[in-house]
Each structure stands twice: as structure tokens, then as C-alpha cells.
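Chemist: Here you go, one structure.
Protein chains: 2
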Amino acid sequence: MRIIRLAGGITAVPGIRAAGIHCGIKPEGKDLALIVSDPPAVAAGLFTQNKVKSESLKLTLNHIKYGLTKAILINSGNANCCTGPEGYNHARELTHLLADYLNTSPHSILLASTGIIGKRLPLNKIKDSLPRLIQELSTSGGGNAAEAILTTDKIKKEVAFSCDYQGLVFHVGGMAKGAGMIHPHLATMLCFLATDLNIEKTLLQKALKRAVDESFNRITIDGDTSTNDTVICLANGRAANERIRRDGGLYRAFQEVLSQVTLILAQLLLRDGEGVNKVIEIRVRGAETVKAARLIARTVANSLLVKTAFYGNDPNWGRLMMAIGRAGCRIIPEKIDISLDNLYIVKGGMEVKGAWEAEAARILAQDRFCVNIDLKMGKGEAIIWTCDLSVEYVKFNSHYTT
Amino acid sequence: MRIIRLAGGITAVPGIRAAGIHCGIKPEGKDLALIVSDPPAVAAGLFTQNKVKSESLKLTLNHIKYGLTKAILINSGNANCCTGPEGYNHARELTHLLADYLNTSPHSILLASTGIIGKRLPLNKIKDSLPRLIQELSTSGGGNAAEAILTTDKIKKEVAFSCDYQGLVFHVGGMAKGAGMIHPHLATMLCFLATDLNIEKTLLQKALKRAVDESFNRITIDGDTSTNDTVICLANGRAANERIRRDGGLYRAFQEVLSQVTLILAQLLLRDGEGVNKVIEIRVRGAETVKAARLIARTVANSLLVKTAFYGNDPNWGRLMMAIGRAGCRIIPEKIDISLDNLYIVKGGMEVKGAWEAEAARILAQDRFCVNIDLKMGKGEAIIWTCDLSVEYVKFNSHYTT
Numbered sequence: 031m032r033i034i035r036l037a038g039g040i041t042a043v044p045g046i047r048a049a050g051i052h053c054g055i056k057p058e059g060k061d062l063a064l065i066v067s068d069p070p071a072v073a074a075g076l077f078t079q080n081k082v083k084s085e086s087l088k089l090t091l092n093h094i095k096y097g098l099t100k101a102i103l104i105n106s107g108n109a110n111c112c113t114g115p116e117g118y119n120h121a122r123e124l125t126h127l128l129a130d131y132l133n134t135s136p137h138s139i140l141l142a143s144t145g146i147i148g149k150r151l152p153l154n155k156i157k158d159s160l161p162r163l164i165q166e167l168s169t170s171g172g173g174n175a176a177e178a179i180l181t182t183d184k185i186k187k188e189v190a191f192s193c194d195y196q197g198l199v200f201h202v203g204g205m206a207k208g209a210g211m212i213h214p215h216l217a218t219m220l221c222f223l224a225t226d227l228n229i230e231k232t233l234l235q236k237a238l239k240r241a242v243d244e245s246f247n248r249i250t251i252d253g254d255t256s257t258n259d260t261v262i263c264l265a266n267g268r269a270a271n272e273r274i275r276r277d278g279g280l281y282r283a284f285q286e287v288l289s290q291v292t293l294i295l296a297q298l299l300l301r302d303g304e305g306v307n308k309v310i311e312i313r314v315r316g317a318e319t320v321k322a323a324r325l326i327a328r329t330v331a332n333s334l335l336v337k338t339a340f341y342g343n344d345p346n347w348g349r350l351m352m353a354i355g356r357a358g359c360r361i362i363p364e365k366i367d368i369s370l371d372n373l374y375i376v377k378g379g380m381e382v383k384g385a386w387e388a389e390a391a392r393i394l395a396q397d398r399f400c401v402n403i404d405l406k407m408g409k410g411e412a413i414i415w416t417c418d419l420s421v422e423y424v425k426f427n428s429h430y431t432t
Numbered sequence: 031m032r033i034i035r036l037a038g039g040i041t042a043v044p045g046i047r048a049a050g051i052h053c054g055i056k057p058e059g060k061d062l063a064l065i066v067s068d069p070p071a072v073a074a075g076l077f078t079q080n081k082v083k084s085e086s087l088k089l090t091l092n093h094i095k096y097g098l099t100k101a102i103l104i105n106s107g108n109a110n111c112c113t114g115p116e117g118y119n120h121a122r123e124l125t126h127l128l129a130d131y132l133n134t135s136p137h138s139i140l141l142a143s144t145g146i147i148g149k150r151l152p153l154n155k156i157k158d159s160l161p162r163l164i165q166e167l168s169t170s171g172g173g174n175a176a177e178a179i180l181t182t183d184k185i186k187k188e189v190a191f192s193c194d195y196q197g198l199v200f201h202v203g204g205m206a207k208g209a210g211m212i213h214p215h216l217a218t219m220l221c222f223l224a225t226d227l228n229i230e231k232t233l234l235q236k237a238l239k240r241a242v243d244e245s246f247n248r249i250t251i252d253g254d255t256s257t258n259d260t261v262i263c264l265a266n267g268r269a270a271n272e273r274i275r276r277d278g279g280l281y282r283a284f285q286e287v288l289s290q291v292t293l294i295l296a297q298l299l300l301r302d303g304e305g306v307n308k309v310i311e312i313r314v315r316g317a318e319t320v321k322a323a324r325l326i327a328r329t330v331a332n333s334l335l336v337k338t339a340f341y342g343n344d345p346n347w348g349r350l351m352m353a354i355g356r357a358g359c360r361i362i363p364e365k366i367d368i369s370l371d372n373l374y375i376v377k378g379g380m381e382v383k384g385a386w387e388a389e390a391a392r393i394l395a396q397d398r399f400c401v402n403i404d405l406k407m408g409k410g411e412a413i414i415w416t417c418d419l420s421v422e423y424v425k426f427n428s429h430y431t432t
């Protein structure tokens, strides 16, 4: 199998056109995106577990159950959340109008929204802009679309690959937006992916689930997400392969490329988080179970005292031990080893002797490093990515709506 | 029942002497405290649920099971945590030495430590200072002791009451230290309480549990605490009442005064948190169960986006809805009402119409306000106190050990 990284993102996939324009939801900058698939695509999706859901998302949850998907309409600047029946009607009206323009059925249109919660969607601005948006659709429009879905992100995030699997060439591309602090519940995460493979819906869903588990779910976690989180993958069959119906070689090749795409997008998300100066990989091994490993990794990754210590290049391993201890899992503190990259700072639950502080501070000053925690209790392992908690983050988030 | 607030704290209780001195664990400031009871007292205690525990605390957990307590020795500046068998031996040595000086048994000595984790306790400095510390003991030494247990706190925290119950006069006094961000796991919380009542150990434990549930546990939560958290209450019987053996009138009078003492200390803790500008009471009602109400209140209280919005006086109710939704409890978003003090900003899951923003911003600019969340699902209620997340907090905690 030969994999080549392509320029661009979702429109590097044959049959996918996209556009992104400014329609006036935000005071400036692109705020409306459209992705269209020719022919209509099989669609798989993963969505927020938050009990409070965007009205746009509710409609998408309904539509994605039906047949094929022709288009995805995305707006930024307004989450269409906590907007009640009126918000749902707005969403429905948009899909009906867009379906008319595209000569398709409303059920083949999916929606996603991101931005401020609780404010009325400026419906007319969007409606009035649809003809212009459709006119802008092109096979090089992925970048504009990737820009139009951003909120507080600093850079657009897109990636695409082509893959030659035993003479069959297929493509996978996508775009994402994140920002927020990039951790449980703190960012609306949107991601739109496409492939030209012909694949059954259940297998597409399975591949997407695994790719997301190994990427976005290491930074934003199920059951602990924003009101609007959405990952959708389209598969339009333009590669003309025999439909993938089982977990065979081609499926696994697709899985590999899809996972690579989501991994790159997740890393871009982390890097672009509000006030993020460094990305930290928390690796827990030797836990009694995988569940325990995950819980401990998340507890460490979410600890404000740990995150502020990272910000200050402070090798305060006591805060790591405290966070490990409060996760509630069975541990034996006297067994625990902790290293920063390859530098051991804790062995057997106690500080390593010798002058390691300067080297530790050097590691923490990098924009990327790894915290390895070995509990020596069992075989459970987990990886979570987190970031430092900076003064800039607080400044930014204390004045978002105003 | 007549209750009078007294000056001072723990030494306002007859039979209690205390002292606080500088022994050199910290570069400056008092760092060693002693509380002595004449006669030895019945003791009750509540301790951290963290799996990583201070060696001093391990010894106290052992000693408090035995007979009466003569004294509590507390050091600040070093947590004696993750210090291994040597740390436990240090703790044991201190209790033996102090027991010799006070002519009592080592089991009648309790210990508490707070400060940096993982550093060797400077044993000799403490040992050498014990004679001086004992010499300083006095019935007006409570303030010095309250000072000596502080770490990053700005002010000492003490309170005392006398109570006349049907002609019987008894006293309850105490001191505490907190700081940190004053929320789950983020501060070592120490609290030492005393009364001159004669009361059975099991009833003293019961009263203490209830008082802590209604005060400290609203800010620092069981199962989610620092490595050294300790609350101890002594009862030395100097009031010469017939021993309290049941949940009668005198017990309830004591409970009321004890709860008042812990409530005041908890509020002082919150107010003195690192970088805290305001204290917010999160009141959830109408949840399906008390457990659900607590979980939702804590999720809101811990949300970084909510806390930074409070810091910025930003009435961003969407963040409240998002936090409510991600708590994982059954809710119907369309039923939720939210008010700030008495100002409704959300009704039926949607923004209240009209120009309420200016009034909301005025409420949020106060140093104390209430967020009321009514889920209208059932009868579950909970109250949690939290604080804003400030730029000062991040600055402070990024440079604590260095």
C-alpha cells in the first residue's frame, strides 16, 4: 500500500465540492460552509453525548438515519442551541430551501452549527446567501470551507491522502475546527471527512468510530462534550471499487488512512487551542484495567494544578501523584514510576535522587513532551493528550460573548 | 439556647492551649503548631479519600483509633507525603519525642502536615524546636497556631462560640487552612476543632461528619481531595456535663454550634483561595435525585468555561447549559430555569426576553452571588460553593515549588 499526502483537504477527494463565504453571522470572516457530494454519499457520524443538544444537531441526528447524503451545511458564529422549537424550525427551513436549490430531498441535507449558545439563528442572512454559496462550490473550495467553520481557532485545519491499495486508488480528506481548551467539554469540535470508496454504512460507521477513538476521543471525551460536537464521514463510491462489505484488506487499508487523517486533525486541534503553549501526552501503563488507566490519565490531564505547573515549566511531581491518587482507582503509591520523556523523576513513589531538576525543566520548556506513569498493577494502558493552562487562556475565555 | 461569638479560636475553649512558632521548614513565617488538651480529649476525625496519603496522616489514622488525644502537632511547608518508610519513621519519632516531653503515650499524639509533596521532612529542625514550642503553649496561643498552619493562605482563619444550653455553658472553637483554588483536590485543607463538652466518640464523629458535609464538603468533596486533608475535633469534657450518649437536646445544640463554626471556617477558606475574586453559590433544585443535583452542581462549579466567564462578569448562560448537559444526568433542557440571585436569565431552556444583560453584569461584578438552576424533574437539591478562575490563579500556581 502506498500512501501520499495531498495538498488541501476534503475537496481532494473526487466527487466532493465545497465553498465557504461570509454571510454576516459573524461581524467579519467566513461563517458559512457547504460540502456537496456527487453522487450522494453513504454517511456515518458521531455526535455529542451532551444532554443539551443544538437544534441543528437534532435535525442532523434525524436526517442521517435516512438514505444517502447530498450535502452538509455548516455555520459558525451561532450554535443554534437552546433556541427551542423556533431553532429546530430554522434548521428544517434551511434544509428544505437548500434541497430545492440542489434538487434533492431535505433528508439528504445534514447541518452543523458552532458558536454562541442561546441566540436566535440569523435565518434570513443564511437563506439569502445560499445562492451565492452554491455558486462558489468548487473542487478547490475545501480551504474556504475549512475557514468558514472556524470560531476562535487561529488556523484552518485540513488534510488529505491518496492511497494505492493493490492497484485501487482511493482518497480520504477532511477538515476540523476545535479551539477552546481542547479537553473534556471545553470546545465544540466539528470534523467533516470524505472518501471516494464504496463502503457499507455499518462498516463506515465502524471505521469512523475507531479512528475517532484513537484521535479526537483522546482529547475530547464521550459523555463529556460540547452541545454541538459532530464528526461526519461521507463515502461516495467514486473510486468504483466493489462495495466493502467485510473487515478485509481494503477495509483495513481504509481504516489506516482514515485514522491517520483524524490523528493529524486532532493534533492540529490541540496545537491551536486557546492559549495553548505546549501539548502534553499523558501515557499511563500498568493499571489494573484499561478503564482505570483512562480514568487516571484523564484525571492527571484535567488537573488544574498539573496544567498550571506545565505552563510554568515546574517539575512539581507531587501534583502528579496527588492527581493519580484522587482518580479513585486502586493503586499502590509505593510502586509508581514517573518519567518526563526518558527522564525518570519518580521511582517507587518517591523522588529520584540526584540533580534532575534542570533536565526536567528543559523537557517541560519544550512545546511537546510526554509524561509516562507506570502503576505496575496490571496491563491497562491509556494515552490522553492535554495542554498547559495559561494566563492567555483565562484572559481569552473571560471575555468571549461580550 | 444563647450563642455568643468569642474572640480567638481554638484556645477560647477551656482546657485547650496552643502555640505556633517558626522552626525553619519554611524560609520565614511560623511553620510549627501545637494544640494540647487538659485533660486528654475524645477525638473524632475525617480524612482525605486520596489513595496517596501523607505519612503523617497515616500515623494519625492509626493513633486516632486508640483512647484519648493529648496533643496535635502540625507543621506547614512540607507535606511529608511520598516520603516512604523514612517519612513514616520521622512521624513516629516526632510523636515519641513529644509524648516524652508531655509525659503521655505516643498514641495520644496526632500529626498533620501540609506543604510540598515528596521532600524529606526536616526532622531535626522540628525536634530541636519542640521544647520552645511547648514553652510557648498558652490559653491565648490559638492565633499563633492558626498562623503556623498556613501555606499560601493570606489570612489566618479562626472562630469560637460559647453557648448556654439550659444553664450549661459550653464552647466550640477552631481554626483552618485552605488556599489552593478551593475546589475538589486543589487545596490541602486542615481544620482543628475543640469543645469542652463531654461526649461519646461515636456521637462526636457523627456531629463532625454532619458539620463537614454542610460546610467543607460543599467546597472540597469526599473522594476528590488532596493527600493531606484532615479535620479533627477534640472534646475534653471540661464543661462537666453528663456525658452525651444520645441524639438529644444537648447533642443537637452542640451540632448546631459545631456546624456554625465549620460553616464560617469554610467561607473564610473560599474567600482566601488563590486568585479568588468572588465566591459563587451554585444551587441546583428540581433534580431527579439528590445525587443528580450534586453531580450537576459540581459539574457547573468545576467548568473552566463557567469559572472564567464569572471572572469576566460575562453572563454567558450557554456555558451553564453546556455544563448542566454534560453532567450525564437525565434532564429535559426545555424545562430548565436559571437565575442569577433573583434575576431570571433562562426560562424553559431559553434566554429570557428583554434587556437583562446590564443587570446580570452588575450581579456578576459582586464579590458574592448565587446561580440558581431549577431542573423541574424532581425533588433533588444541592448547594456547592465555587469561585472564579482568574489570571492571578494561573500565575500563582505555575510557580509554586520553584
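In order, the protein sequences belong to chains A and B. Reminder that position 47 of the first sequence reads as 77 in the working numbering, one-by-one numbering, no gaps. Reminder that position 148 of the second sequence reads as 178 in the working numbering, one-by-one numbering, no gaps. Beta carbons: idealized from backbone N, C-alpha and C, even for Gly. None of the values given here were measured: they were computed from a predicted structure.
Taking Thr225/A and Phe284/A to be in contact with their CB atoms under 8 Å, please state how far apart those CB atoms are, rounded to whole angstroms.
Modeler: With a Cβ gap of about 7 Å, Thr225/A and Phe284/A count as contacting.
Chemist: Residues in its own chain within less than 8 Å of Trp347/A by CB, not counting five upstream and five downstream?
Modeler: Ile368, Ile375, Val376 and Glu381
Chemist: Run down chain A in chain order and give the residues with a C-beta less than 7 Å from the C-beta of Ile361/B.
Modeler: Lys81
Chemist: Count the C-beta pairs between the segment 35-53 of chain B and the segment 178-196 of chain B that are closer than 8 Å, then say yes if the count reaches three, no if not.
Modeler: Counting Cβ pairs under 8 Å, three or more are found: they touch.
Chemist: Is there contact here, the segment 61-71 of chain A with the segment 89-105 of chain A, by at least three beta-carbon pairs under 8 Å?
Modeler: The answer is yes - the segment 89-105 of chain A touches the segment 61-71 of chain A, with three or more Cβ pairs under 8 Å.
Chemist: Does the beta carbon of Gly355/B sit closer than 7 Å to a beta carbon anywhere in chain A?
Modeler: yes
Chemist: Could you tell me the distance, in whole angstroms, from the CA atom of Glu230/B to the CA atom of Asp302/B?
Modeler: 34 Å
Chemist: Please classify His93/B: is it buried, with 16 or more other beta-carbons within 10 angstroms of its beta-carbon, or exposed?
Modeler: buried
Chemist: Figure out for me which residue from Thr218/B, Asp130/B and Gly267/B has the closest Cα to the Cα of Leu300/B.
Modeler: Comparing Cα positions, the closest option is Thr218/B.
Chemist: Could you name the residues of the same chain whose beta carbon sits closer than 7 Å to that of Gln290/B, not counting the 5 residues immediately before and after it, in chain order?
Modeler: Cβ neighbours of Gln290/B beyond the five flanking positions: Phe191.
Chemist: By the DSSP assignment, the alpha helix (DSSP H) with Trp415/A in it spans what residues?
Modeler: Here Trp415/A belongs to no alpha helix (DSSP H); instead the beta strand (DSSP E) covers Gly410 to Cys417.
Chemist: Do Ile164/B and Ser106/B have their C-beta atoms closer together than 7 Å?
Modeler: no
Chemist: Suppose contacts are defined by Cβ-Cβ distances below 7 Å. Is Val401/A in contact with Ile294/A by that definition?
Modeler: no
Chemist: With 7 Å as the threshold, decide whether the Cβ of Cys417/B is near any Cβ in chain A.
Modeler: no
Chemist: Could you name the residues of the same chain whose beta carbon sits closer than 6 Å to that of Gly253/A, not counting the 5 residues immediately before and after it, in chain order?
Modeler: Low confidence applies here, because Gly253/A scores a pLDDT of 39, under 50, leaving its location unreliable and the question unanswered by this model.
Chemist: If you draw a straight line from the alpha carbon of Pro57/A to that of Asn108/A, how long is it in whole angstroms?
Modeler: 12 Å
Chemist: At what residues does the beta strand (DSSP E) containing Pro70/A begin and finish?
Modeler: Element bounds for Pro70/A: Leu62 to Phe77.
Chemist: Residues in the segment 120-151 of chain A with C-beta within 8 Å of chain B's C-beta atoms, listed in sequence order?
Modeler: Legend: CB atoms of the segment 120-151 of chain A lying less than 8 Å from CB atoms of chain B belong to residues Ile146, Ile147, Gly148 and Lys149.
Chemist: Please list the partners that Ser256/A has in chain B, where partner means a Cβ-to-Cβ separation under 7 Å.
Modeler: Met352
Chemist: Would you mind reading off the limits of the alpha helix (DSSP H) that contains Asn80/A?
Modeler: Run containing Asn80/A: none; DSSP gives neither H nor E here.
Chemist: Quick one: does Met219/B have its CB under 7 Å from some CB of chain A?
Modeler: no
Chemist: Taking any Cβ of chain B, which residues in the segment 372-383 of chain A have a Cβ under 7 Å from it, in chain order?
Modeler: Gly379, Met380 and Glu381
Chemist: So which residues on chain A does Glu244/B lean against when the C-beta distance must stay under 8 Å?
Modeler: Around Glu244/B, no beta-carbon contact reaches into chain A at under 8 Å, the shortest distance being about 22 Å.
Chemist: In three-state terms, what does DSSP make of Arg313/B?
Modeler: strand
Chemist: Looking at the structure shown, is Ser159/B part of a helix, part of a strand, or coil, going by DSSP?
Modeler: helix
Chemist: Taking 7 Å as the cut-off, decide whether the C-beta atoms of Arg356/B and Leu335/B are in contact.
Modeler: Cβ distance not < 7 Å, so Arg356/B and Leu335/B don't count as in contact.
Chemist: I'd like the span of the alpha helix (DSSP H) that includes Arg356/A, first residue to last.
Modeler: Here the alpha helix (DSSP H) through Arg356/A covers Trp347 to Arg356.
Chemist: Return the CA-CA distance between Leu223/B and Leu234/B, expressed in angstroms with no decimal places.
Modeler: 11 Å
Chemist: So, is the C-beta of Cys400/B closer than 7 Å to a C-beta in chain A?
Modeler: no
Chemist: Looking at C-alpha atoms only, which residue of Thr338/B, Lys186/B, Pro115/B and Leu325/B is the closest neighbour of Gly59/B?
Modeler: Lys186/B
Chemist: So with Cβ pairs under 7 Å, would you call Cys112/A a contact of chain B?
Modeler: yes
Chemist: Determine which residues share a DSSP beta bridge with Asp194/A and list them.
Modeler: Arg32/A and Val199/A
Chemist: Per DSSP, which one or two residues make a beta bridge with Lys207/B?
Modeler: Answer is Leu220/B, bridged to Lys207/B.
Chemist: Need the endpoints of the beta strand (DSSP E) that Ala261/A sits in, please.
Modeler: A small fix is needed here, since residue 261/A is Val in this sequence, not Ala. Its beta strand (DSSP E) spans residues Thr260 to Ala265.
Chemist: Looking only at its own chain, which residues have a Cβ that is under 8 Å from the Cβ of Glu116/A, when we skip the five neighbours before and after it?
Modeler: Arg150
Chemist: Using C-beta distances below 8 Å, list every residue in its chain close to Glu272/B, excluding the 5 sequence neighbours before and after it, in chain order.
Modeler: Contacts found: Asn228.
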